[in-house]
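Accompanying notes for the structure given below.
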């Protein structure tokens, strides 16, 4: 229900805007010449969306072929598990948004 509220309230938004509204957009912290900080998620959006997506993302990394391959590829590229989970959360959010926008069902193949 919370996702439908997000998608209905912000109809016509693009991928970057939906990601930012959910607080899953990456932000680089810079200070003058110091640019060696880690990239973190902004957390500017509502935290409820991150909470909603966390457990389904963990399940998807085990049971969904596409998300599992994406998650394992990130881990193989020496990304942290936290980063891989957040990237997978973003991917699931964008798939759900595209399904809502195009009024289609999820096709696993």
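Numbering (the UniProt record's numbering), first residue to last: 1 to 109. The beta carbon of each residue, even a glycine, is placed where N, CA and C say it ideally should be. Bear in mind the structure is a predicted one, so any value in this text is a computation, not a measurement.
I want to know whether the segment 34-48 touches the segment 57-77 - three or more CB-CB distances under 8 Å. no
Here's a check: name, in chain order, each residue in its chain whose Cβ is nearer than 8 Å to the Cβ of residue 56, leaving out the five neighbours to either side. 92
Buried or exposed, going by whether 16 or more other CB atoms sit within 10 Å of the CB of residue 16? exposed
For a minimum of 4 consecutive residues, which ranges assigned as the alpha helix (DSSP H) are wholly contained in the segment 61-102? 65-76, 81-102
Going by other Cβ atoms of all chains shown within 10 Å of its Cβ, with 16 needed for buried, is residue 90 buried or exposed? buried
To the nearest angstrom, how far is the alpha carbon of residue 37 from that of residue 82? 16 Å
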